[in-house]
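K.L.:
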Amino acid sequence: AAWAYRIPVLIHESDAVPGLANSILGKFADRVAVSYPSAEGEFLANQVVLTGNPLRADINNGDAQKAIKQFSLHEERKTILVIGGSQGARVINNKVLSVLPELLDKYQIIHQTGEVNFEEVKHRAGEMGYKIGREGYHAMPFIGQEMKDIYAASDLVISRAGANSIAEIAANGKPSILIPLEGSANDHQRMNAYSLAKLGACIVLDENNLGKNIFLSRIEEIMNNEELRQKLSKNIQSFYHPDATERIANGVLEMIK
41 AAWAYRIPVL
51 IHESDAVPGL
61 ANSILGKFAD
71 RVAVSYPSAE
81 GEFLANQVVL
91 TGNPLRADIN
101 NGDAQKAIKQ
111 FSLHEERKTI
121 LVIGGSQGAR
131 VINNKVLSVL
141 PELLDKYQII
151 HQTGEVNFEE
161 VKHRAGEMGY
171 KIGREGYHAM
181 PFIGQEMKDI
191 YAASDLVISR
201 AGANSIAEIA
211 ANGKPSILIP
221 LEGSANDHQR
231 MNAYSLAKLG
241 ACIVLDENNL
251 GKNIFLSRIE
261 EIMNNEELRQ
271 KLSKNIQSFY
281 HPDATERIAN
291 GVLEMIK
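What follows is the structure, encoded as structure tokens:
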């Protein structure tokens, strides 16, 4: 409708591959802001600009000591953050639970389970003898404003490969294992994850290749190798664009001059 009335149009594509809606809208848009270099070739060169994904300003300004105090973390132990997006991810929950004894033998875990899955995770952890908030296992339905502090305290992030999750991991420069959602629209999560993996910015594990032994071995590979963690941290930071919001706003202002 905006195009028909000659109103300037700017769209933002947050994933490595555009979805159907943006593929169509891109034909009519004056400007297309993208978050991944791989998406630039999907639109006309004279309309596309790489901006990155806008994030809240303080997401990479967390205080590790606040998280350490809140969760009674032991500073001599490494911390793993598990997130499955705001709704959690049952596949990731199940895999974490399958290796929970081995992980808690060495590490401490902060686990966002999702509202729907929390009681199940709590029950299954209890059956193994782990009470939430003790023995280094801190599961909760949802992580809110304290997420920035948890990022700061974490040594490894295990996550889905949604655009926003990846952007937050990149902003904090955290080593990560990404587990793309099987069957996501246009397979965008898998494309997001592998666009990073090609540049050595993360480790990717597909759901259909997520056996207990493989999952545990990749975690150990990262946690036992300081050089690898530093490499993953450095490489993923190249996907962070601190001025993403400003770039998009400037694009809007340029169109209405």
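Counting along the sequence shown from 1, when you hit position 46 you're at 86 in the working numbering, and nothing is skipped either side. Backbone N, C-alpha and C fix where the C-beta goes; we use that ideal spot for every residue, glycine too. Values in this document were obtained by computation on a predicted structure and should not be read as measured data.
1) Can you give me the start and stop residues for the alpha helix (DSSP H) that Met231 sits inside?
2) Looking at the unbroken alpha helix (DSSP H) that takes in Ile64, where does it start and where does it end?
3) Pairing CB atoms from the region 232–249 with CB atoms from the region 271–286, are three or more of them under 8 Å?
4) Using the Cβ count rule (16 or more neighbours within 10 Å means buried), how would you classify Val13?
5) Whose CA, out of Lys171, Asn232 and Leu140, lies closest to the CA of Phe255?
6) According to DSSP, is His178 part of a helix, a strand, or is it coil?
7) Unbroken alpha helix (DSSP H) runs of length 4 or more, entirely within the region 109–180: which are they?
8) Using 8 Å as the Cβ pair cut-off and three pairs as the minimum, do the region 57–68 and the region 218–229 touch?
9) Check for me: the alpha helix (DSSP H) holding Glu286 runs from which residue to which?
10) For the beta strand (DSSP E) containing Ile99, list its first residue and its last residue.
11) Hey, quick one: how far does the alpha helix (DSSP H) through Ala207 stretch, first residue to last?
12) Can you tell me which residues form a DSSP beta bridge with Glu53?
13) Apply the 10 Å Cβ neighbour rule to Asn62 and answer buried if 16 or more other Cβ atoms are within range, or exposed otherwise.
14) Pick helix, strand or coil for Ser278, following the three-state DSSP scheme.
15) For Leu218 and Asp98, what's the separation of their Cα atoms in angstroms?
16) Would you report the Cα separation of Ser78 and His281, rounded to the nearest angstrom?
17) Whole-angstrom Cβ separation of Gln105 and Glu186, contact assumed at under 8 Å?
18) Can you tell me whether Ile198 is buried or exposed? The criterion is at least 16 other CB atoms within 10 Å of its CB, across all chains shown.
19) According to DSSP, Ser216 sits in a beta bridge with which residue or residues?
20) Can you tell me where the alpha helix (DSSP H) with Leu90 in it begins and where it stops?
21) Out of Leu236, Asp189 and Val131, which has the shortest C-alpha to C-alpha gap to Ala210?
22) Let's test the definition: count the other Cβ atoms within 10 Å of the Cβ of Leu196 and tell me whether it reaches 16, buried, or not, exposed.
23) Since Ala193 and Ile108 are thought to touch, with beta carbons under 8 Å apart, how far apart are those beta carbons, to the nearest angstrom?
P.N.:
With the given structure in hand:
1) The residue labelled residue 231 in the question sits at position 191 within the sequence shown. Met231 -> alpha helix (DSSP H) spans His228 to Ala237.
2) Looking up residue 64 in the sequence shown gives position 24. Segment Leu60 to Leu65, the alpha helix (DSSP H) holding Ile64.
3) Taking 8 Å as the limit for Cβ pairs, the verdict is that the region 271–286 does touch the region 232–249.
4) As shown, the chain starts at 41 and ends at 297. That puts residue 13 outside it, with no answer to give.
5) Residue 255 sits at position 215 when you count from the first residue of the sequence shown. Looking at the Cα atoms, Leu140 is the closest of the given residues.
6) Mapped onto the sequence shown, residue 178 falls at position 138. DSSP places His178 in strand when its eight states are reduced to three.
7) 130–138, 140–144 and 158–167
8) yes
9) The residue given as residue 286 occupies position 246 in the sequence shown. Its alpha helix (DSSP H) spans residues Ala284 to Met295.
10) For the purposes of this step, residue 99 is taken as the residue at position 59 of the sequence shown. Here Ile99 belongs to no beta strand (DSSP E), and DSSP marks it neither H nor E.
11) On the sequence shown, position 167 is the one that residue 207 refers to. From DSSP, the alpha helix (DSSP H) with Ala207 extends over Ala203 to Asn212.
12) Along the sequence shown, one-based indexing puts residue 53 at 13. Val74.
13) Reading the sequence shown from its first residue, position 22 is the one you call residue 62. Classification of Asn62: buried, given that the 10 Å Cβ count is 16 or more.
14) In the sequence shown, the residue the question calls residue 278 occupies position 238. Looking at Ser278 - three-state DSSP - the assignment turns out to be coil, as it is neither helix nor strand.
15) Along the sequence shown, read from residue 1 onward, the residue named residue 218 stands at position 178. Along the sequence shown, read from residue 1 onward, the residue named residue 98 stands at position 58. So the alpha carbons of these two residues sit roughly 23 Å apart.
16) Along the sequence shown, one-based indexing puts residue 78 at 38. Along the sequence shown, one-based indexing puts residue 281 at 241. Cα-Cα distance, rounded: 15 Å.
17) Within the sequence shown, residue 105 is the residue found at index 65, counting from 1. Within the sequence shown, residue 186 is the residue found at index 146, counting from 1. Wrong, their Cβ atoms sit about 12 Å apart, outside the cutoff.
18) Reading the sequence shown from its first residue, position 158 is the one you call residue 198. Buried is the call here.
19) Along the sequence shown, one-based indexing puts residue 216 at 176. Its beta-bridge partners are Val197.
20) Within the sequence shown, numbered from 1, the residue matching residue 90 stands at position 50. Counting along the chain, Leu90 falls outside any alpha helix (DSSP H), though it belongs to the beta strand (DSSP E) covering Val88 to Leu90.
21) As a position in the sequence shown, residue 210 is number 170, starting the count at 1. Nearest C-alpha to Ala210: Leu236.
22) To locate residue 196, count along the sequence shown from 1; it is residue 156. Burial call: buried.
23) Locating residue 193 in the sequence shown gives position 153, counting from the first residue. Locating residue 108 in the sequence shown gives position 68, counting from the first residue. Sure, about 6 Å apart at Cβ, within 8 Å.
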